[in-house]
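Okay, so here's the structure we're looking at.
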Amino acid sequence: MAGAAANSSFLQNLGRIYSIYTGTFVGFVIFLGILEFFGVPDRILGYLFIFLTIGVYALIGILSRTAEVSEYYVAGRSVPALYNGMATGADWMSAASFIGMAGSLYFGGYDGLAFVLGWTGGYVLVSILMAPYLRKFGQFTVPDFCGARYGGNAARTLAVIVLITASFVYVVAQIVGVGIITSRFLGMDFKLACFVGLIGILVCSMLGGMKAVTWTQVAQYIILIIAYLIPVVIMSAQVTGVPIPQLMYGQALEKIAGLEKTLGVAKGHVAAFANARGEFDMTSAVNFFALILCLMVGTASLPHILMRYFTTPSVRQARDSVGWSLFFIFLLYFTAPAYAAFAKLEVYQNIIGQPISALPAWIASWGKPGLALVGACDAANAAQIFPICTGVQGNGDGILQLSEFRIHPDAIVLATPEIAGLPYVVAGLVAAGGLAAALSTADGLLLAIANALSHDIYYKMIDPNADTKRRLIISRVLLAVVAVIAAYVAGTLGADILFLVSWAFSIAASGLFAALVLGIWWKRAGDASGVWSMLIGYGVCMFFLITTEFYGPALKSMLGDAVTIVNARGRQVAYIWGINNISVGIFGIPAAFIAQWVAQKFSAEASPEMQDFIDSIRVPAGDVRLAPGMAAKE
Amino acid sequence: MSKKLSQEEMQAYWGKTSKLMWTILALWFFFSFVVHFFAPSLNEIRVLGFPLGFYMAAQGSLIAFVILCFWNASAQNKIDEEFGVSDE
């Protein structure tokens, strides 16, 4: 009882608690700034940032420990819309968003905006098609819904398989992100850094499950958004005189367009659907829209996001919460293009065409071995100073040409504090923000995987009589096991695997979207149709994913001219009709819809009881009228 | 407040809900795809230094998405209250 009272006073005082938390964090940053002023070395500041923030997450995780099943799986359904929005924001924005996206925009220009659009617009689909109805259904996991809607264990198992494939691929990419940040800021070996990050992830989620992850993610959102906005706001003030980067980077874009002419860049930063020569290119347009579709539909199918809307107190709040989620995500995503523009302006204006001896200090500090994120590759032996220059042939005239400048995408966000001449403490803040982004996403994903294994496979299918204590122990053990496997895979595969994130979206979109949407919106869809939908959607997506990635030549001999082999991110990949294999969902999503429709033609309609059940989840008020054979509500 | 809807009420309720869904889905499609088909032409127009095609993909559509989500929430709440099936 004491616990329940403490819990309700916590929920009533959320605003105050998180305001105090934010104030303390700002105070902490200022305090570290003072330490820096008095000469405390950068490395110590880096350690303080990383370990103190992880310490806070761990503390929240321990304070939120729970022995109740509903708190462990759905945070007791007590998370208000606004806070669930913040938690979803942190759950959503991964290392790829925080560090990688601005870099994609720097290199891709307009093309990179497919990520900005694709990772926001899907929430409209979540809002109108999914979240309120899944919340009303009111059980614990997404496979729970598939199992109940499509009559049992076949559907449940398929949903679990899709969930685990998509989430595992995604979580490996997150641990890589944690490894990159930890190894850069602590100078640790990458593999070791992956396991250090793992500890950070586990302390947040092991003891308190969804409840702990929720309140940690709110804390992580606050840190990541402060860390993302501060450097670019200051940069905007320096370059344009107005500290609103999202409005002012229009000026930077204009200057970039002017400099592109001088430097002879054919494909402009803002040019839409252009090839390298700056001409209109149909393949590039097709890829742009294919990627948007896969990312948006994937958003509305990823179980670690959908399960966040199981935690609100009501259907109404689930709907409001989708709006808040997107708002909090929007704050970061509409800032990312500003990062890219200001960084590009800096490079074009103050780096290219300068004598090597007169380059700004950040080039040397981010280019040195160990970091190797930028390089001025003019001299013949440049690769000795800048490892990133390996393979680049400079002309050795002492002046840096555009073709001699190398920059890694991750450097755009990480190096901005230094480009803007800010103290090291801001760089540390950015590292803490990136870490918060990667950890929060990894937490949500691992929990989704472990819950599917412990709740859907173990409890629902293997031992329905297991008691609460046993179920929670199994959950925690599985969580730790999955985390260790993911960290091992991340450490082994290495750093350049961020395309995994886009695959996760295609896999989830192909396997789950049709079955979930039609399950709610097509009342007559019977058991078999849902099973076939998931099976075919997932199968088609995985077939194209695996063949394009690993068996390019064989696919080419089979399909002929439709296939081209392309070098991308240091590997050879097959593109079918010019479509990048990160958008394989473009084949899987329609396949799932067609399969469900065709299967429905040849199989029984949903029973009247099932249709009554669907009516009951379409309306916010009233009981969920479970059809016979569905498990009892807990 | 809450009650089980009759067959006709359920149909009317779901009719209104579906209409709202399709309206927002159409707007979603417009802001996700249609407007960007014209990006090369829109880029000829400049606002505050932003080429309009670029602006729509970098900010304009995003703002529309946020508004669509909140609009859906409030419009659906009105429908729920009209039929007396809100769960709060």
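If you read the sequences in order, they're chains C and X. Note that our numbering has the first sequence beginning at 477, numbered continuously upward. Note that our numbering has the second sequence beginning at 4, numbered continuously upward. All residues carry an ideal CB built from backbone N, CA and C; glycine is no exception.
Pairwise C-alpha distance: ILE506/C and ALA918/C: 29 Å
Cβ-Cβ separation, ALA985/C to GLY920/C (assumed contact under 8 Å), whole Å: Not really, about 18 Å apart at Cβ, beyond 8 Å.
ALA852/C, enclosing beta strand (DSSP E) - first and last residue: 850–852
7 Å Cβ cut-off: residues of chain X touching ASP796/C: ALA76
Range of the contiguous alpha helix (DSSP H) that encloses PHE73/X: 64–85
Contact set between GLU47/X and chain C, taken where Cβ atoms lie within less than 7 Å: Correct list: empty, because the minimum Cβ distance to chain C is about 11 Å.
Closest Cα partner of VAL493/C within the set VAL645/C, ALA695/C, LEU581/C: In the sequence on display, residue 493/C carries Ile and not Val. Out of VAL645/C, ALA695/C, LEU581/C, ALA695/C has the C-alpha closest to the C-alpha of ILE493/C.
Cβ-based neighbour list, SER485/C, same chain, cut-off 7 Å, excluding 5 preceding and 5 following: none
Any C-beta of chain C under 8 Å from that of GLY18/X: no
Own chain residues within Cβ distance below 6 Å of ALA1067/C, not counting five before or after: ILE1012, GLY1013, VAL1016
Buried or exposed (CB count within 10 angstroms, at least 16 for buried), LEU528/C: exposed
Chain X residues whose Cβ lies nearer than 9 Å to that of SER436/C: Past the boundaries of the shown model lies residue 436/C; chain C is included only from 477 to 1110, so the question cannot be answered.
Helix, strand or coil at GLN488/C [DSSP, three-state]: helix
Within chain C, partners of PHE53/X - CB distance below 7 Å: GLY726, LEU729
Boundaries (first-last residue) of the alpha helix (DSSP H) holding GLN722/C: 721–739
Any chain C beta carbon closer than 8 Å to SER9/X: no
Backbone CA spacing between SER570/C and ALA1080/C [nearest angstrom]: 42 Å
Selection of the stretch 591–604 of chain C by Cβ proximity to chain X, strictly under 8 Å: VAL592, LEU593, THR596, GLY597, TYR599, VAL600, LEU601, SER603, ILE604
One or two residues paired with GLN1048/C in a DSSP bridge: ASN1043/C
Residues from the stretch 1088–1099 of chain C in contact with chain X, defined by Cβ distance under 8 Å: ASP1091, ARG1094, VAL1095, PRO1096, ALA1097, GLY1098
Candidates SER540/C, GLY1028/C, GLN877/C, ARG1101/C: closest to THR692/C by CA position: SER540/C
Beta-carbon proximity list for LEU558/C, same chain, < 7 Å, skipping 5 on both sides: TRP800
Burial state of LEU905/C (16 or more Cβ within 10 Å): buried
Residue burial classification, MET4/X (beta-carbon count within 10 angstroms, cutoff 16): Caution is warranted here: a pLDDT of 42 is assigned to MET4/X, below 50, making its placement in the model unreliable, and no coordinate value can be reported.
8 Å Cβ cutoff, PRO813/C in contact with chain X: yes
Any chain X beta carbon closer than 8 Å to ILE768/C: yes
Three-state secondary structure (DSSP) of ARG1101/C: coil
Contact the stretch 928–946 of chain C vs the stretch 611–621 of chain C: 3+ CB pairs below 8 Å: yes
Where PRO619/C sits in the DSSP three-state scheme: helix
Interface residues of chain X facing VAL977/C [CB-CB closer than 9 Å]: None at all; the shortest Cβ gap to chain X is about 19 Å.
Three-state secondary structure assigned by DSSP to PRO899/C: coil
Member of VAL741/C, THR690/C, ASP518/C, ALA1044/C whose CA lies at the smallest distance from the CA of LEU487/C: THR690/C
Residues that PHE574/C contacts on chain X, provided the C-beta gap is smaller than 8 Å: Going along chain X, no residue has its Cβ under 8 Å from PHE574/C, so there is no contact; the nearest lies around 17 Å.
Strand pairing of ALA750/C, partner residues [DSSP]: PHE756/C
Residue ranges of each alpha helix (DSSP H) within the stretch 866–921 of chain C, 4 or longer: 887–895
Residue-chain proximity (VAL746/C, chain X), Cβ-Cβ < 8 Å: yes
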